[in-house]
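Scroll down for the structure; my scribbles are underneath it.
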Amino acid sequence: MPDKPFHKNPLSMQFDPSDFLPASEEEKKELIVMRESVTFWKDAGRRLRKNKVAMGSLIVIILTIVFAFILPSFYPYAYE
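Here is the structure:
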């Protein structure tokens, strides 16, 4: 391919041929990003803790379950 300068009109749809050259090994190494492995439950818990509405709803559900088991023992009337 000849090495002539490529001048592009900013409003045209022409592509710069240098954008389609293969990446060098150095460029490939720069693109590799290693992240800590996250399990399904760890990720779900993290996203749940970020969601304020979901946390409020979880607290309401837990309190309802706790009250359903504890309050009948303090209630003065029986089903009999």
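Numbering-wise (the working numbering), the sequence shown opens with residue 1 and increments by one. Glycine included, C-beta positions come from ideal geometry on N, C-alpha and C.
Self-check item: Rounded C-alpha distance that separates M13 from D43
Solution: 42 Å
Quiz prompt | Contact under 8 Å by Cβ, R49 with M55 | solution = yes
Practice problem: Determine the extent of the alpha helix (DSSP H) in which F67 is found, giving its start and end residues. | Solution: K52 to F74
Quiz item: Taking DSSP as the reference, what is the three-state secondary structure of F15?
Solution: Coil at F15, not helix or strand.
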